[in-house]
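> Quick one: the structure is below, questions incoming.
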Amino acid sequence: MCYQGRVRNGVIVLEEGHSLPEGTIVEVVAAATGDEDAEAAKLSEELLKLAGTVRDLPADFARQHDHYLHGQPKR
C-alpha cells in the first residue's frame, strides 16, 4: 500500500482518512519537491559547457576511463 502525508513537527502525518495500526513497520521515501529537478538541470547545463573542451585524450578514453584514471586493466 502507498500512502501520502506530510512531516509536521518532526512527525509523519498521513492524509486524512488514512491510519495504520500501532507498531506497523513502514518504509519512508521522500518525494521530490521540484527543487532537485531544477538543480539537476542547472548542473547539466554547466557540465554541457565543458563538453569537448579537453583535448588530446586517447580515442578510447570514454570506454577505458578506469584504466587511464585509476590504472585498472583495460577491458
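Here this note's numbering is used: the first residue of the sequence shown is 12, the next is one more, and so on.
We treat Cβ as the ideally placed atom computed from N, Cα and C, and that holds for glycine.
Being a predicted model, the structure only gives us computed values, none of them experimental.
What residue does the beta strand (DSSP E) around residue 25 start on, and which one ends it?
Looking up residue 25 in the sequence shown gives position 14. Per DSSP, residue 25 belongs to the beta strand (DSSP E) from 22-25.
> First and last residue of the beta strand (DSSP E) that includes residue 17?
Counting from one through the sequence shown, the residue named residue 17 turns up at place 6. That run of the beta strand (DSSP E) goes 16-19.
> Does the Cβ-Cβ distance between residue 85 and residue 78 come in under 8 Å?
Along the sequence shown, one-based indexing puts residue 85 at 74. Along the sequence shown, one-based indexing puts residue 78 at 67. Yes. Within cutoff.
> Would you mind reading off the limits of the alpha helix (DSSP H) that contains residue 60?
Position 49 of the sequence shown, counted from the first residue, corresponds to residue 60. 46-61 is the span of the alpha helix (DSSP H), which, as asked, contains residue 60.
> Give the DSSP-derived three-state secondary structure of residue 29 in the structure shown.
The sequence position of residue 29 within the sequence shown is 18, counting from 1. If DSSP states are grouped into helix, strand and coil, residue 29 belongs with coil.
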